[in-house]
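Novice: Next up is a structure, given as structure tokens.
2 protein chains.
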Amino acid sequence: FKIGICQLKVTTEKSTNILKARELIQAAAGKGASLILLPEMWNCPYSTDMFAKFAEDFSDIDSAPSLLMLSEVASSLGVTIIGGSVPEKDAGQLYNTCCVFGPNGEFKAKHRKIHLFDMGKPLLGEVQFKESDYISAGKNPTVVDTDFGCIGIGICHDIRFPELAMLYSATGAQLICYPGAFNMSTGAALWELEQRTRQDDSLYVASCSPSRDSAGSYAIWGHSTVVGPMGEIIATTGHDKTVLIADVDYAAIQRTRESFPLESQRRSNIYQFVDVLKESSNS
Amino acid sequence: FKIGICQLKVTTEKSTNILKARELIQAAAGKGASLILLPEMWNCPYSTDMFAKFAEDFSDIDSAPSLLMLSEVASSLGVTIIGGSVPEKDAGQLYNTCCVFGPNGEFKAKHRKIHLFDMGKPLLGEVQFKESDYISAGKNPTVVDTDFGCIGIGICHDIRFPELAMLYSATGAQLICYPGAFNMSTGAALWELEQRTRQDDSLYVASCSPSRDSAGSYAIWGHSTVVGPMGEIIATTGHDKTVLIADVDYAAIQRTRESFPLESQRRSNIYQFVDVLKESSNS
Numbered sequence: 001f002k003i004g005i006c007q008l009k010v011t012t013e014k015s016t017n018i019l020k021a022r023e024l025i026q027a028a029a030g031k032g033a034s035l036i037l038l039p040e041m042w043n044c045p046y047s048t049d050m051f052a053k054f055a056e057d058f059s060d061i062d063s064a065p066s067l068l069m070l071s072e073v074a075s076s077l078g079v080t081i082i083g084g085s086v087p088e089k090d091a092g093q094l095y096n097t098c099c100v101f102g103p104n105g106e107f108k109a110k111h112r113k114i115h116l117f118d119m120g121k122p123l124l125g126e127v128q129f130k131e132s133d134y135i136s137a138g139k140n141p142t143v144v145d146t147d148f149g150c151i152g153i154g155i156c157h158d159i160r161f162p163e164l165a166m167l168y169s170a171t172g173a174q175l176i177c178y179p180g181a182f183n184m185s186t187g188a189a190l191w192e193l194e195q196r197t198r199q200d201d202s203l204y205v206a207s208c209s210p211s212r213d214s215a216g217s218y219a220i221w222g223h224s225t226v227v228g229p230m231g232e233i234i235a236t237t238g239h240d241k242t243v244l245i246a247d248v249d250y251a252a253i254q255r256t257r258e259s260f261p262l263e264s265q266r267r268s269n270i271y272q273f274v275d276v277l278k279e280s281s282n283s
Numbered sequence: 284f285k286i287g288i289c290q291l292k293v294t295t296e297k298s299t300n301i302l303k304a305r306e307l308i309q310a311a312a313g314k315g316a317s318l319i320l321l322p323e324m325w326n327c328p329y330s331t332d333m334f335a336k337f338a339e340d341f342s343d344i345d346s347a348p349s350l351l352m353l354s355e356v357a358s359s360l361g362v363t364i365i366g367g368s369v370p371e372k373d374a375g376q377l378y379n380t381c382c383v384f385g386p387n388g389e390f391k392a393k394h395r396k397i398h399l400f401d402m403g404k405p406l407l408g409e410v411q412f413k414e415s416d417y418i419s420a421g422k423n424p425t426v427v428d429t430d431f432g433c434i435g436i437g438i439c440h441d442i443r444f445p446e447l448a449m450l451y452s453a454t455g456a457q458l459i460c461y462p463g464a465f466n467m468s469t470g471a472a473l474w475e476l477e478q479r480t481r482q483d484d485s486l487y488v489a490s491c492s493p494s495r496d497s498a499g500s501y502a503i504w505g506h507s508t509v510v511g512p513m514g515e516i517i518a519t520t521g522h523d524k525t526v527l528i529a530d531v532d533y534a535a536i537q538r539t540r541e542s543f544p545l546e547s548q549r550r551s552n553i554y555q556f557v558d559v560l561k562e563s564s565n566s
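Protein chains in written order, with our numbering: chain A, 1 to 283; chain B, 284 to 566.
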């Protein structure tokens with residue numbers, strides 16, 4: 001199947017962002033994509049002071065214009081949408097949340113960013129950023145069964161924790177989607193590397209960033225990418241607004257694992273990885 | 284301090300290999316290296332049928348000419364040597380083993396390769412290879428305290444298991460040394476990527492390969508490399524015999540961790556990583 005990655009330009013107007021996102025989703029579907037990925041914070045400039053203003057309450061989709069558009073366009077086009085992220089408000093808290101809609105427009109899952117981006121001392125000239133002053137962290141990993149296989153979701157800084165990908169891999173994920181808005185310094189140093197790194201788990205990775213000229217508190221790296229199970233870059237782009245289309249063939253996962261049976265070579269008598277929530281639900 | 288990486292050309296004659304290794308160690312020390320790394324199977328062609336013939340019994344160093352040379356040259360130059368690997372024979376078994384010698388020539392530690400390279404179906408045109416038909420796997424991770432900090436050791440396929448690096452990082456390693464002999468296909472696809480991937484743990488990585496024209500059952504990738512704690516390549520080389528010198532500054536680890544405090548951002552209520560041997564020795 002084809003995945004479409006919508007590298008949107010985010011503006012300071014929510015209604016414009018919704019309109020432009022809809023246009024890129026339509027363009028991606030027009031190019032044959034049946035699974036479509038949006039960027040992190042696609043309806044809202046990436047500035048901590050904007051999150052509350054742009055946030056939506058997910059409990060009533062008719063009052064959540066960003067979600068409503070995703071549901072309607074998924075249904076009208078018959079596509080599955082991994083809806084990047086938007087600020088979510090719930091019980092007085094804000095979350096950085098990805099929603100997934102199926103081809104009948106049905107809400108399938110949401111992922112609240114688990115690892116918030118709190119910078120320490122700037123190392124590479126980064127703009128100081130402490131997401132947790134504004135956003136609450138999600139408590140659960142998210143794997144969603146779709147018409148396009150089992151998909152794990154991480155948002156931006158979530159990608160820096162191999163544990164999350166290991167957990168998704170163990171749960172049966174074939175693809176991990178990372179909406180993200182890496183900045184210029186971490187983008188150049190780590191964005192591609194982190195995605196290719198997930199070949200440790202022999203699965204597909206798709207990332208989607210806003211374009212560089214998006215509004216917000218810092219310049220965004222761009223470079224949305226699709227990586228295959230050997231860490232190979234299948235498709236990537238620059239930093240401008242664009243729609244990236246890539247072929248995904250899950251059979252490559254099986255071939256890779258038959259060639260490199262890493263899973264059976266792990267040494268559980270030396271190290272073990274524990275899915276804590278699963279363990280506690282089993283006990 | 285400076286690390287010296289000896290990308291040897293391995294021949295079918297053990298005495299030649301020992302002589303040439305000694306020459307490159309001396310050359311590395313002559314260029315200011317005080318920590319010196321050799322490749323995987325530096326005294327023996329990388330062919331499964333050669334391992335038994337070239338193996339040494341480590342229990343009597345005077346009858347183990349490869350180890351004896353390492354001890355003597357470490358002492359005469361006052362350097363620490365991470366001795367790549369040689370085939371070790373012990374109680375009827377063969378191991379792929381790295382020995383570490385300190386600047387007084389003292390034997391400090393050995394690491395037996397934990398993850399043996401057993402290929403499944405060839406994916407990229409690789410030569411079929413099943414190391415475990417000839418070699419027994421090590422049972423323990425190895426971290427050694429040296430004059431140049433706390434060093435974790437992995438051999439070749441050990442690098443494909445992030446768990447081992449996570450374990451070393453948790454034990455306090457500042458540098459992981461991976462002697463390795465990746466082949467042409469996995470080398471091109473994964474050798475650099477795997478080393479840079481270890482930035483997940485914000486530490487230094489040094490790898491040392493034999494040169495491409497080494498004797499053995501397959502062509503070797505070469506490209507010995509030193510990677511810093513942000514995944515940046517500090518020094519690398521091509522596939523010819525050479526000595527690579529790189530500056531290592533452990534203060535960069537601290538700076539990286541202050542900038543990206545990943546360790547404190549891990550979510551132990553969602554996932555946990557268990558050092559099984561440490562846990563069982565504590566209980």
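Here a beta-carbon is modelled for each residue, glycine too, at the ideal position from N, C-alpha and C. As the structure is a computational prediction, the values presented were derived from the model and not from experiment.
1. What does A:Leu203 touch in chain E if you count any residue whose Cβ is under 8 Å from its own?
2. For the alpha helix (DSSP H) holding B:Ile301, just list the boundary residues, first then last.
3. Within 8 Å, do at least three Cβ pairs link the stretch 265–280 of chain A to the stretch 198–209 of chain A?
4. Which same chain residues, not among the five before or five after A:Asp213, have their C-beta less than 7 Å away from its C-beta?
5. So with Cβ pairs under 9 Å, would you call A:Asn183 a contact of chain B?
6. List the DSSP bridge partners of B:Ala529.
7. Whether or not the stretch 148–155 of chain A and the stretch 254–270 of chain A are in contact is what I'm after, with contact meaning three or more pairs of Cβ atoms, one per stretch, closer than 8 Å; do they touch?
8. From B:Ala304 to B:Leu321, what distance separates their C-alpha atoms?
9. Between the alpha carbons of B:Arg462 and A:His111, how many angstroms are there, rounded?
10. At the level of alpha carbons, what is the spacing between A:Phe51 and A:Val143?
11. Within 8 Å, do at least three Cβ pairs link the stretch 97–116 of chain A to the stretch 128–143 of chain A?
12. Measuring only the C-alpha atoms, how far is A:Gly172 from B:Ile517?
13. Who are the near neighbours of B:Thr519 in its chain, counting only those whose CB is closer than 8 Å to its CB and skipping five residues on each side?
14. In the DSSP assignment, find the beta strand (DSSP E) that holds B:Lys393 and state where it starts and stops.
15. Using the beta-carbon of each residue, which ones in chain B are nearer than 8 Å to A:Met41?
16. Between B:Phe341 and chain A, is any beta-carbon pair separated by less than 9 Å?
17. Is A:Asp275 closer than 9 Å to A:Ser170 when the C-beta atoms are compared?
18. Cβ closer than 8 Å: which chain B residues qualify as neighbours of A:Lys121?
19. With distances taken Cα to Cα, identify the nearest neighbour of B:Ile344 among B:Met324, B:Thr380, B:Phe390 and B:Gly366.
20. According to the Cβ coordinates, are A:Gly149 and A:Tyr250 closer than 9 Å?
21. Does A:Ser268 come within less than 9 Å of chain B when only Cβ atoms are used?
22. So which residues of chain B does A:Val276 contact, with C-beta pairs closer than 9 Å?
23. Using only the alpha-carbon positions, how far apart do B:Phe400 and B:Lys372 sit?
24. So, B:Gly361 versus B:Ser330, is the Cβ gap smaller than 9 Å?
25. What separation, rounded to the nearest whole angstrom, lies between the Cα atoms of A:Phe182 and A:Leu24?
26. For the alpha helix (DSSP H) that A:Lys278 lies in, which residues bound it at each end?
27. Is there a C-beta anywhere in chain B that falls below 9 Å from the one on A:Lys2?
28. Verify the CB distance criterion: does A:Thr197 have a CB-CB separation below 9 Å to chain B?
29. Can you list the residues of chain A that B:Ile397 reaches, using a CB-CB cut of under 9 Å?
30. Kindly say whether A:Ala206, judged by its beta-carbon, lies nearer than 9 Å to any beta-carbon of chain B.
31. Nearest CA to the CA of B:Ala502: which residue from B:Tyr417, B:Tyr554, B:Gln548 and B:Phe412?
32. Can you pull out the residues from the stretch 443–463 of chain B whose beta carbon lies closer than 9 Å to at least one beta carbon of chain A?
33. Who are the near neighbours of A:Val205 in its chain, counting only those whose CB is closer than 6 Å to its CB and skipping five residues on each side?
34. Taking the C-alpha atoms as reference points, what is the distance between A:Phe161 and B:Arg549?
35. Leaving out five residues before and five after A:Gly269 in sequence, what residues of the same chain have Cβ atoms less than 6 Å from its Cβ?
36. Could you tell me the distance, in whole angstroms, from the CA atom of A:Gly4 to the CA atom of A:Thr11?
Specialist: If we stick to the structure as given:
1. Among the chains of the structure shown, chain E does not appear; the protein chains present are A and B.
2. Lys297 to Gly313
3. no
4. Lys9
5. no
6. DSSP output for B:Ala529 lists B:Ile286 as bridge partner(s).
7. no
8. 8 Å
9. Position check: residue 462 of chain B holds Pro in this sequence, whereas Arg was assumed. Taking the straight line joining both Cα atoms gives about 40 Å.
10. 25 Å
11. yes
12. 36 Å
13. Glu475, His506, Ser507, Thr508, Val509 and Leu527
14. Boundaries of the beta strand (DSSP E) harbouring B:Lys393: Phe390 to Arg395, taken from the DSSP string.
15. Listed by position along chain B, the residues whose Cβ is nearer than 8 Å to that of A:Met41 form an empty set, because the closest Cβ is around 19 Å away.
16. no
17. The sequence shown places Ala at residue 170 of chain A, rather than the Ser named in the question. Against a cut-off of 9 Å, the Cβ pair of A:Asp275 and A:Ala170 comes out as a contact.
18. Under the 8 Å cutoff, chain B gives Arg538, Glu541 and Ser542.
19. B:Phe390
20. yes
21. yes
22. Arg550, Ser551, Asn552, Ile553, Tyr554 and Gln555
23. 19 Å
24. no
25. 21 Å
26. Val276 to Asn282
27. Not flagged as an interface residue toward chain B: A:Lys2, since no C-beta distance is shorter than 9 Å.
28. yes
29. Arg267 and Ile270
30. no
31. When each option's Cα is compared against that of B:Ala502, the closest is B:Phe412.
32. Arg443, Phe444, Pro445, Glu446, Leu447, Met449 and Leu450
33. Cβ within range, chain order: Ile176, Gln195, Arg198 and Val227.
34. Pairing A:Phe161 with B:Arg549, the inter-Cα distance amounts to about 7 Å.
35. Here the sequence assigns Asn to residue 269 of chain A, which means Gly is not the residue at that position. Contacts found: none.
36. 21 Å
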